[in-house]
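Here UniProt numbering is used: position 588 in the sequence shown is 588, and no number is missing along the way.
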Amino acid sequence: MIINENILKQYISPLNYEIDKLKLLINNHMIEASSYCYFLNDNRQFIIGQIKKFYKINEFNNNYLVEVDIGEIIHIISLSPDLEVDKKVIIILKETYNFQNKKKNVEEKYLNNINSDAIFCSAKELNLNPEFLTDNEQKDILFLEDEASIGECALKYLGIKGFFLDLTLTPDRNDLLSYVGFAKDLKSILQDNQIKLKKEISLTINEEKKINPLEIKILTSSCFEYNIRYINNIKIDISPLWLRNKLFLHNIIPINNVIDVMNLILLEYGIPLNVFNATLLNDNLIQIRNAYEDEFFMLSNGQKHYFKSDDLVIENDNKIISIAGIKTNDLFEINQQTNQIILCSFYFKPESILKINKKLRIKNENFLRLSRGIDQNLLKKALDKAVFILQKITNCSVLQKMISLQHSKYSNTKILISLKFIYLKTGINFSFKQVYDFLTSLNYEIEIVSFQILKVKAPSHRYYIKIAEDVISDLIRMHGYNQILSYNLAVLKVEQYNIRDIKEKNIYHLRHLLSNLGLNETITYSLINDELFFLFSNSQKYLSIFKPLSYDKTILRQNLSCSLLEVLSYNQKNQNFDNSFFEIGNVYMPEQEELHLAIVLSGTFFNTGWLKKDIKSSFFLLKGILDVIQSFLDITFNLVSTDSYKNLFPSKQADIFFKEKKIGFIGQIHPLLEKKYYVKKSFVMEINLQNLLLKKKKRVLLHEISKFPSITRDFSFFVNKKYSFEQLNQTLKEEISSFFVKCELLDFFEKKNDISVNEYSLTFRLTFNSSIQNLNKEQVNDFMLKIESKMKKKYKIIIR
């Protein structure tokens with residue numbers, strides 16, 4: 001959205017701020033904005049005048065002396081053959097003027113002892129874009145329309161005087177998509193009692209005696225209001241130069257006088273209008289209704305668009321003339337031969353507009369405004385302003401009476417908000433008076449519940465204010481975005497003092513640990529589709545988006561693994577087969593957010609090149625990474641074999657437990673899922689970090705390296721498959737003491753494809769060492785016998 005200083009001053013006054021100061025206020029309290037200028041306000045040399053007479057100067061046949069009325073008579077020497085008496089022109093007085101921050105001089109002319117008081121101005125000297133100029137307007141002298149006032153500033157007339165603000169709008173600031181909305185918000189943030197919103201000058205529309213014959217019927221709850229004006233004897237033609245230039249400076253391409261006026265209203269009021277060729281209407285009834293099932297509309301590309309029963313259409317005599325105000329039937333469009341039109345303003349539910357446009361995928365200014373919400377209070381005013389301008393520039397006739405029907409009036413919901421909630425969300429300790437004054441400035445309706453709690457309702461043009469957080473965002477910007485850092489304690493801790501709490505520290509170090517292990521961090525989108533959601537979750541309770549922009553992003557994820565699988569698939573489709581990714585991010589349960597860690601491995605994890613000792617991704621490698629995480633967090637995980645995950649390999653999946661509470665899973669991705677997502681053999685793990693990062697790590701104690709040699713013994717046995725490796729390993733580790741220092745798995749073997757065999761073989765390597773003496777065989781043998789006896793008794797192992 002582009003805002004021009006002089007147009008803005010039509011709605012708010014006095015506005016005597018320097019551009020730099022005003023831009024700073026807007027950036028700190030409203031929205032991001034940049035500025036630029038064509039001609040500054042101190043340019044007073046460009047004046048509108050009228051040619052009274054001209055004649056050739058004797059002895060110089062190609063030179064003319066021209067008398068021009070600019071409120072006083074001045075004389076100009078001109079070489080142009082295009083002079084016409086009574087034509088309005090722009091003259092530049094003999095002074096220095098500023099153009100795009102550069103100074104330009106108008107040199108004095110003397111000819112035959114005659115002094116030229118000024119020069120004629122062309123479109124080129126004003127830097128008007130030739131794309132929207134007629135051939136006559138591109139000549140040496142720029143002629144203006146008869147309505148231009150003598151002595152008026154030409155720059156103001158053409159809309160190029162003063163600064164321009166280029167706003168970077170976010171979807172929630174629909175109110176800033178117009179000059180009226182911007183002026184209201186600017187007045188609120190300035191908090192200056194001397195600055196007032198200007199009252200609109202009453203518009204006098206010369207109406208015919210004939211009454212507007214049209215009738216409106218609203219047959220759907222999606223339409224709140226519909227208004228119609230009927231215009232006769234209109235000539236569809238090129239717009240006046242001031243209108244074309246004003247639109248072009250706002251990045252709108254001029255079309256014709258009717259469309260251009262509608263676009264001007266869109267800029268000033270943010271209200272979209274529809275226009276129809278009135279001669280093509282078969283009767284006087286305009287109906288707004290829901291479409292019939294399988295009713296269709298012929299699009300401009302020749303394709304049929306079939307409607308659903310909840311789609312919104314406007315019809316006349318059973319013919320659809322418009323889809324929800326965002327797409328007009330080509331048969332009812334205006335053209336050069338049109339001499340009767342109807343002009344309409346309306347208010348439709350934004351939800352209905354969004355829904356129908358998901359199928360049509362129309363991107364235009366009408367859709368942008370209607371889908372974000374417009375100010376219903378301005379509908380009639382905007383329609384009358386459009387009719388007034390059209391009558392002014394075309395001398396058209398307007399039938400008496402605006403036909404109007406209002407079924408309901410939009411009103412924002414009341415929101416309960418407390419000072420405590422504001423502090424919890426912002427870290428800013430607002431006083432009750434501050435909150436009350438800020439919201440009053442923004443025209444909120446306020447009901448005091450207590451001196452800690454308010455019930456508030458935003459003005460109707462602030463459509464996006466739905467929840468307490470939206471109100472808080474208004475408080476923050478009134479307070480000033482530039483003031484936030486000085487109050488945000490969390491930011492201050494890290495930025496100024498480099499202090500993090502235990503959780504923040506652990507996350508920071510965990511990220512570095514995983515990166516140092518060779519894993520690559522990814523960040524994925526929190527919204528996923530329903531297919532991804534149910535890959536690793538059976539939950540039927542989830543948060544979904546009420547009005548999703550895309551059907552691929554509809555549900556808030558409850559695990560990270562599904563997103564990492566998508567990342568893995570993308571990489572392998574692009575011939576990157578060696579992958580090791582991790583993500584630390586939030587997942588979203590119906591009642592709370594949780595912090596999760598997910599890891600996915602595929603292909604070669606570590607490439608040794610010519611040594612040919614590559615480390616391939618495997619279940620055990622992923623389990624080893626889990627052990628490193630376990631050691632880092634100084635906690636103990638337990639793995640319990642399961643077959644509850646349908647998208648993991650049945651015999652290679654396990655639940656991860658911490659203090660008898662399930663916090664995650666680990667396993668190999670099922671071959672069918674790998675095939676579906678075009679990935680090779682892959683492994684995935686996910687754990688809930690929510691309560692694991694709050695523990696302060698113990699101080700690391702260093703022990704002197706033993707001076708005495710270690711003794712190792714291999715412990716091999718068969719054991720029934722009903723006993724898991726985790727159980728066996730845990731039992732052995734319970735025996736670790738001052739001289740039994742380490743236990744690690746050396747070998748694992750089981751017969752594949754032989755269901756009759758219910759045993760598997762394990763070999764553990766046990767390491768013995770003492771820091772005070774040499775160990776002898778007898779000590780180690782005694783200990784081995786003790787371990788064997790315990791394992792035989794508990795697990796019925798068979799030594800091999």
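Cβ atoms here follow ideal geometry from the backbone N, Cα and C, with glycine treated the same way.
Requested in this report: Using alpha carbons as the reference points, say which of I2, N251, F332 and S78 lies closest to N316.
Outcome: F332
Query raised in the report: Which residue spans inside the region 569–612 form an unbroken beta strand (DSSP E) run of at least 3?
Result: 579–588, 593–602 and 604–606
Query raised in the report: Helix, strand or coil for M30 per DSSP?
Result: coil
**Report entry** Secondary structure of K88, DSSP reduced to three states
**Finding:** strand
Query raised in the report: Closest by CA to F683, which one among P709, L214 and F620?
Result: F620
**Report entry** DSSP-derived helix/strand/coil call for E145
**Finding:** coil
Query raised in the report: Expressed to the nearest angstrom, what Euclidean distance is found between the alpha-carbon atoms of L177 and F367?
Result: 12 Å
Requested in this report: Count the other CB atoms, across all protein chains shown, that sit within 10 Å of the CB of M298; report buried if there are 16 or more and exposed otherwise.
Outcome: exposed
Requested in this report: Go ahead and pull the three-state DSSP assignment for R372.
Outcome: helix
Query raised in the report: Who are the Cβ neighbours of I48 in its own chain at under 7 Å, not counting the five residues just before and after it?
Result: K88, I90, L144, A148, S149, I150, G151, E152, A154 and Y157
Query raised in the report: Taking DSSP as the reference, what is the three-state secondary structure of C562?
Result: helix
Query raised in the report: From N335 to Y444, what distance separates their C-alpha atoms?
Result: 45 Å
Query raised in the report: Alpha carbon to alpha carbon, how far is I705 from I736?
Result: 17 Å
Query raised in the report: Which value, in whole angstroms, describes the spacing of the CA atoms of L285 and M402?
Result: 14 Å
Query raised in the report: So what does DSSP say about L273, is it helix, strand or coil?
Result: strand
Requested in this report: Can you give me the Cβ contacts of R800 inside the same chain, cut-off strictly under 8 Å, excluding the 5 residues immediately before and after it?
Outcome: S716, F717, F718 and S761
Report task. Measure from the alpha carbon of K722 to the alpha carbon of each residue in I77, F577 and Y795, then state which is nearest. Result -> Y795
Query - Beta-bridge partners of G664, as assigned by DSSP - result: I656 and I687
Query raised in the report: Apart from the five residues just before and just after V85, which ones in its own chain have a Cβ nearer than 8 Å to its Cβ?
Result: I51, K52, K53 and F54
Query raised in the report: How big is the Cα-Cα spacing for L513 and N574?
Result: 28 Å
**Report entry** Distance CB(I288)-CB(I218) smaller than 7 Å
**Finding:** yes
Report task. Provide the residue span of the alpha helix (DSSP H) that contains Q727, from first to last. Result -> F725 to K733
Query raised in the report: In chain order, which beta strand (DSSP E) runs of at least 3 residues are fully inside the region 340–391?
Result: 341–348
Query raised in the report: In chain order, what residues of the same chain lie with their CB nearer than 7 Å to the CB of L189, ignoring the 5 residues before and after it?
Result: The displayed chain sequence assigns Ile, not Leu, to residue 189. Counting only Cβ-Cβ distances below 7 Å, and skipping sequence neighbours, we find L25, H29, M30 and M478.
**Report entry** Residue range of the unbroken alpha helix (DSSP H) whose run includes Q779
**Finding:** K777 to Y795
Query raised in the report: For the putative contact between L702 and L597, defined by C-beta atoms under 8 Å, what is the C-beta separation to the nearest angstrom?
Result: About 28 Å separates the two Cβ atoms, so there is no contact after all.
Query raised in the report: So T394 and I234 are in contact, right, with Cβ under 8 Å, and what is the actual spacing, rounded?
Result: 5 Å
Query - Rounded C-alpha distance that separates V628 from T522 - result: 20 Å
Query - Y487 to I428 span [Cα, whole Å] - result: Only weak support exists for where Y487 lies, its pLDDT of 47 falling under 50; the coordinates are left without a value.
Query raised in the report: Where does S644 sit, in a helix, a strand or coil, going by DSSP?
Result: coil
Query raised in the report: With a Cβ-Cβ cutoff of 7 Å, do F224 and S408 count as a contact?
Result: yes
Query raised in the report: In the structure shown, what three-state DSSP assignment does A468 receive?
Result: helix
Query raised in the report: Does DSSP put H75 in a helix, in a strand, or in coil?
Result: strand
Report task. Note the first and the last residue of the continuous alpha helix (DSSP H) segment covering D627. Result -> F619 to L633
Requested in this report: Have a look at the DSSP bridge pairing and note the partners of R713.
Outcome: L766
Report task. Taking 8 Å as the threshold, find out whether the region 260–277 comes into contact with the region 383–399 through three or more Cβ pairs. Result -> yes
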